[in-house]
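J.: Before we start, here is the structure in question, set down as structure tokens.
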DNA sequence: GCAAGTATTGAAACAGTATTCATTACTTGA
DNA sequence: TCAAGTAATGAATACTGTTTCAATACTTGC
């Protein structure tokens, strides 16, 4: 029954969202789903098989939300800002799950899944950057590299706060700061506007 | 004998540098150091105790090198660039060890050590940024946040290349790209020079 | 050369989980 | 109601390394 399969996935995700991956052993998943341990193995080859899917589903929701934030008719810098804010805001809402997706130590196999998870983020930013370069609003540069660095920067900035107890009063400043960082990382506007007026970029090319 | 202790640390680090943490079981460490497995436990409480120290020592060398790169009488943006280049260049040289320090999945206890490892890097960048703000060469902003994001950006950018076979011909572009990203992340020069001439920053404060 | 103390050995014990599988309980079509 | 087939159980097992410890070999002071 496909319903049982879903309930296993839901149970596993709920456990991760509550206490992290460390909290999600197979007996615990089974208990949460009101089934026996052994039954899980009729639906999933192995534990990493199961959690690969758990992480992929959770990641996909995040990525969809960011893709939606990117899908607006605004200048590239605004779109980068929107995506960064969406990423950060949602992570701070789903703290434990976000932490598990971003940083919690897990098995090597699942860690591979986590690396995949960052690629769609990178691609969202990279697409915006390429568009910005085409329009002349962002200087020529390696879009993939900068997009990767932006994703890393956001993640690193969030890991600290996510690993500590929530501090709601600081969240808004954090989100703004992260977004600001991302826009800055795009570099100054194309050469005509900035470099002629004192923006120091002599070492960049 | 303190010499035995050293040889254990050296053996453990050598194994990590050759095949990653996964390659460094206690019997392997003992074999490499030409002692018995049990003896390690007269010098170290536990495996994570041992590897905490291995990682700390290795990290300290990297941090010292970056601190030295930061310790020059140059404008803040140049200093950021130097540190970033040093970080990236050294990581690409000591690939396997750098990967273990930056990203390889390890035990939860050792992972904590890895988080500590990034703090000194953050502090190096944060100090430069504060100095730059004081001098008016960098716009007012949360120095710790930006420094954290920069470290995350560098790390994320390196993880991919470090996890794949070396491609020496691309390394120089990678190092330059990373450094460029870091300088950009500092934002435009203070308001008087840039914002009056078209650099878009309206959403930043 | 002999104790007393210290370093070293390595095989065996242990721990924590994932995984299996013989058994039992359902479900369904005739 | 009864088979035949499928879902489900959960205690036993397998596995993967770390950690222990009784036994042994050194070292050093007397």
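Chains as they are written, first to last, in the working numbering: chain Y, 43 to 247; chain A, 43 to 247. Ideal placement from N, C-alpha and C gives every residue a C-beta, glycine not left out.
1. Could you work out which residues of chain A lie near residue 112/Y, taking near to mean beta carbons separated by less than 9 Å?
2. Could you list the residues in the stretch 75 to 105 of chain Y with a C-beta less than 7 Å from some C-beta on chain A, going in chain order?
3. When Cβ atoms are compared, which residues of the stretch 188 to 200 of chain Y fall closer than 8 Å to chain A?
4. Going by C-alpha to C-alpha distance, which of 82/Y, 195/Y and 129/Y sits closest to residue 68/Y?
5. Assuming residue 140/Y contacts residue 150/Y (C-beta within less than 8 Å), just tell me the rounded distance between them.
6. Straight-line CA distance for residue 193/Y to residue 173/A?
7. Quick one: which chain A residues come within Cβ less than 8 Å of residue 118/Y?
8. Nearest-angstrom Cα distance between residue 86/A and residue 49/A?
9. When you compare only the Cα positions, how much space is there between residue 144/Y and residue 207/Y?
10. On the CB-based measure, 16 or more other CB atoms within 10 Å of its CB, does residue 79/A come out buried or exposed?
11. So is residue 219/A in contact with chain Y if we call contact Cβ pairs under 9 Å?
12. Note the first and the last residue of the continuous alpha helix (DSSP H) segment covering residue 54/A.
13. In the structure shown, what three-state DSSP assignment does residue 180/A receive?
14. Is residue 210/Y helix, strand or coil when you go by DSSP?
15. Under 9 Å between C-beta atoms, does residue 245/A make it to chain Y?
T.: Quick look at the numbers:
1. Counted from its first residue, the first chain places residue 112/Y at position 70. Neighbours of residue 112/Y in chain A, taken as residues whose beta carbon is under 9 Å from its own, are absent, since the nearest beta carbon is some 16 Å off.
2. Answer in chain order: no residues at all.
3. Within the stretch 188 to 200 of chain Y, 188, 190, 191, 192, 193, 194, 195, 196, 197, 198 and 199 place their CB atoms closer than 8 Å to a CB of chain A, listed in sequence order.
4. Mapped onto the first chain, residue 68/Y falls at position 26. For the options 82/Y, 195/Y and 129/Y, the alpha carbon positioned closest to that of residue 68/Y is the one of 82/Y.
5. Within the first chain, numbered from 1, the residue matching residue 140/Y stands at position 98. Within the first chain, numbered from 1, the residue matching residue 150/Y stands at position 108. Not really, about 21 Å apart at Cβ, beyond 8 Å.
6. The sequence position of residue 193/Y within the first chain is 151, counting from 1. The sequence position of residue 173/A within the second chain is 131, counting from 1. CA-CA distance, residue 193/Y to residue 173/A, rounds to 26 Å.
7. Residue 118/Y sits at position 76 when you count from the first residue of the first chain. In chain order: nothing, as chain A lies at least about 10 Å away.
8. What you label residue 86/A is simply residue 44 of the second chain in a count that begins at 1. What you label residue 49/A is simply residue 7 of the second chain in a count that begins at 1. Straight-line Cα distance between these residues: approximately 13 Å.
9. In the first chain, residue 144/Y corresponds to position 102, counting from 1. In the first chain, residue 207/Y corresponds to position 165, counting from 1. Taking the CA atoms as reference points, residue 144/Y sits about 17 Å from residue 207/Y.
10. Counted from its first residue, the second chain places residue 79/A at position 37. Counting Cβ neighbours within 10 Å, residue 79/A comes out exposed, since fewer than 16 surround it.
11. Taking the second chain and counting its residues from 1, one reaches residue 219/A at position 177. Closer than 9 Å to some Cβ of chain Y, the Cβ of residue 219/A qualifies, so yes.
12. Translated into the one-based positions of the second chain, residue 54/A becomes position 12. Where residue 54/A is concerned, the enclosing alpha helix (DSSP H) starts and stops at 44 to 61.
13. Within the second chain, the letter at position 138 stands for residue 180/A. In this structure, residue 180/A counts as coil in the three-state DSSP scheme.
14. The residue labelled residue 210/Y in the question sits at position 168 within the first chain. In the structure shown, residue 210/Y adopts helical secondary structure according to DSSP, grouped into three states.
15. Taking the first residue of the second chain as position 1, residue 245/A is located at position 203. Confidence at residue 245/A is low in this model, with a pLDDT of 38, below 50, so the placement of that residue should be treated as unreliable; the coordinate-derived value is given next. Closer than 9 Å: yes.
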